[in-house]
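The sequence shown: position 92 = 638 (our numbering), numbered continuously.
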Amino acid sequence: MTIYLGADHRGFGLKEHVKAQLTEAGYDVRDIGAAQIDVADDYPDFAIIALEALSQDLKNRAILICGSGHGMDMIANKFSGVRAALCFNTAVAKQSREHEDANVLVLASDWVKEQEAWNIIEIWLETEYGKAERNERRLRKIKEIEEKHFKE
């Protein structure tokens, strides 16, 4: 599994910390930016690169980081097949995987500190999708919505 990692200037510091921990843990990490702090950069520019790569193989994952998390979450969920979850704690991260089969984790660097971010990431990466019938039904409905409303 490849993990695409992206952040704007507000998420840059947390991204660098997360990248080091993921690499040390043995994950295949693709850092798509930002490469440095540039207060004029825009989160969509980094999200698009990560999400286009993820869209080629949805078995991979992405972690996106910006200040509030909202911007990255909004753009991620514009991509067909992407199920992004903005997570502020481990319980939400675990549920996003078990119930919604989230393949993108969004973190808010203004609110989630380094150790909590790593705790969230570990749970999120280790938790398997539960495949309960109600969750399968809901994911089918999401797919139907995507097929109806997402035009290439």
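Note that the Cβ used here is the ideal one computed from N, Cα and C, for glycine as well. Just so it is clear, the structure is predicted and the values come from calculations on it, not from any experiment.
Own chain, CB closer than 8 Å to residue i, minus 5 neighbours either side, in chain order
i           : result
residue 578 : 550, 551, 552, 592, 595, 596 and 599
residue 567 : 664 and 667
DSSP bridge partner residues for residue i (one or two, in chain order)
i           : result
residue 566 : DSSP lists no partner for residue 566.
residue 631 : 651
residue 550 : 576 and 608
Simplified DSSP state of residue i, which is helix, strand or coil
i           : result
residue 696 : coil
residue 582 : coil
residue 656 : coil
residue 561 : helix
residue 601 : helix
residue 677 : coil
residue 623 : coil
Same chain, Cβ closer than 6 Å to residue i, neighbours up to 5 away in sequence not counted
i           : result
residue 678 : none
residue 619 : 630, 632 and 652
Test item: CB-CB of residue i and residue j under 8 Å
i           : j           : result
residue 613 : residue 584 : no
residue 601 : residue 625 : yes
residue 574 : residue 548 : yes
residue 651 : residue 631 : yes
residue 660 : residue 563 : yes
residue 604 : residue 627 : yes
Integer Cβ distance of residue i from residue j, believed to fall under 8 Å
i           : j           : result
residue 634 : residue 608 : Their Cβ separation, rounded to whole angstroms, is 18 Å, which puts residue 634 and residue 608 out of contact at 8 Å.
residue 649 : residue 629 : 6 Å
residue 681 : residue 645 : 5 Å
residue 647 : residue 685 : 6 Å
residue 639 : residue 669 : 5 Å
Close Cβ partners of residue i (< 7 Å) along its chain, the five nearest in sequence each way excluded
i           : result
residue 590 : 621
residue 558 : 580 and 583
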